[in-house]
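Each remark here refers to the structure printed beneath this line.
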Amino acid sequence: MNLDLRTVNVTRYITPLREGGSLPALAEADDDFKYVLKFRGAGHGVKALIAEFLGGQIAKQLGLPVPELVFANLDEAFGRTEADEEIQDLLKFSQGLNLGLHYLSGSITYDAAANDCEALLASKIVWLDAFITNVDRTFKNTNLLIWKKELWLIDHGASFYFHHSWTNWEKTALTPFAFIKDHVLLPKASKLEQANQECIAILNDNILKEIVNQIPEDWLQWEDQTITPLEIKNVYFQFLSLRLKNAELFLKQAQDARTTLI
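Just so you know, the working numbering puts the end of the sequence shown at 278, numbered straight through with nothing missing.
Okay, structure coming up:
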């Protein structure tokens, strides 16, 4: 599967999407498509973009339905005419490479009470979120859309929470991930063992390294760290590799949480 991302230039800021703390926005690019834009100048900065990128690319590799991801370049002149000072500052601090998700026009938020999800798909999504330590995808904030009668995954920016402190990542890699008990699809995830077998059969160190190596160097210049971009990439890779090799830890946590739930 081709994991390369296209790069587009943002041509028009359409409207902010006031959901969450990252201030994403609907924007148009020079390919005439609309994207939900995630900004490097928002709350968690480039680390949220890295989490979004890694989560989306891993989901794509697993064959899960995610909107196309693109690198989105923001020119320094962009946003100077924006009247809202908060948005103008956001655009100013987001010059350079950002991340966009193809806008699913007409989509609606997934409702666990009203929308169904096939058991194996639900199980794979639960597995993915446990693997990448995604604290979202709860009943309160599903980060799932229904578009053209199909389920789509969005917003992986809250994954890889270890990178906000960047300490003891090995311990986090081996955590069973207790937050999985709050997952919106856990009640429907009755095929977790099958999902685990299929996912670990697809992923391997070569694929994980290829994905991690695609993180733009521009996103790895961290003022709060003395380690190099190459060293940062290596930590992400080692985290994913170690977690994959010990998948039974978070698989059992999810299975136990589901048993308690139902």
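No residue lacks a Cβ here, since even glycine has one placed at the ideal position from N, Cα and C. From a predicted model like this one, the values you see are computed outputs, not experimental measurements.
Limits of the unbroken beta strand (DSSP E) element including residue i
i: residue 31; result: 22-32
i: residue 182; result: Note, residue 182: premise wrong, no beta strand (DSSP E); not H, not E.
i: residue 166; result: 166-169
Per DSSP, the bridge partner or partners of residue i
i: residue 50; result: 44
i: residue 118; result: 51
i: residue 246; result: Residue 246 is not bridged to any residue.
i: residue 199; result: 154
i: residue 113; result: 89
Coarse secondary structure for residue i, derived from DSSP in three states
i: residue 136; result: helix
i: residue 251; result: helix
i: residue 59; result: coil
i: residue 87; result: strand
i: residue 71; result: helix
i: residue 188; result: helix
i: residue 141; result: helix
i: residue 124; result: strand
i: residue 175; result: coil
i: residue 66; result: helix
i: residue 235; result: helix
i: residue 39; result: coil
i: residue 19; result: coil
Backbone CA spacing between residue i and residue j [nearest angstrom]
i: residue 258; j: residue 147; result: 10 Å
i: residue 223; j: residue 266; result: 21 Å
i: residue 107; j: residue 47; result: 20 Å
i: residue 166; j: residue 20; result: 24 Å
i: residue 109; j: residue 163; result: 32 Å
i: residue 209; j: residue 150; result: 19 Å
i: residue 207; j: residue 102; result: 45 Å
i: residue 228; j: residue 70; result: 7 Å
Opening and closing residue of the alpha helix (DSSP H) in which residue i lies
i: residue 162; result: Where residue 162 is concerned, there is no enclosing alpha helix (DSSP H), although the beta strand (DSSP E) it sits in stretches over 160-163.
i: residue 276; result: 263-277
i: residue 106; result: 101-108
i: residue 211; result: 208-218
i: residue 226; result: 221-229
### Message
Across the segment 76-91 and the segment 218-227, are there enough close Cβ pairs to call them in contact, namely three or more that are closer than 8 Å?
### Response
Yes, the segment 76-91 is in contact with the segment 218-227.
Quiz item: Are three or more beta carbon pairs between the segment 199-207 and the segment 168-183 nearer than 8 Å?
Solution: The segment 199-207, when compared against the segment 168-183, does not touch it at the 8 Å Cβ threshold.
Subject >> Sufficient close CB pairs (3 or more, under 8 Å) joining the segment 21-30 to the segment 145-160 >> reply: no
Exercise. Given 8 Å as the limit, is there contact between the segment 48-59 and the segment 155-162, that is, 3 or more CB pairs closer than that?
Worked result: no
**Contact the segment 158-170 vs the segment 127-135: 3+ CB pairs below 8 Å** = yes
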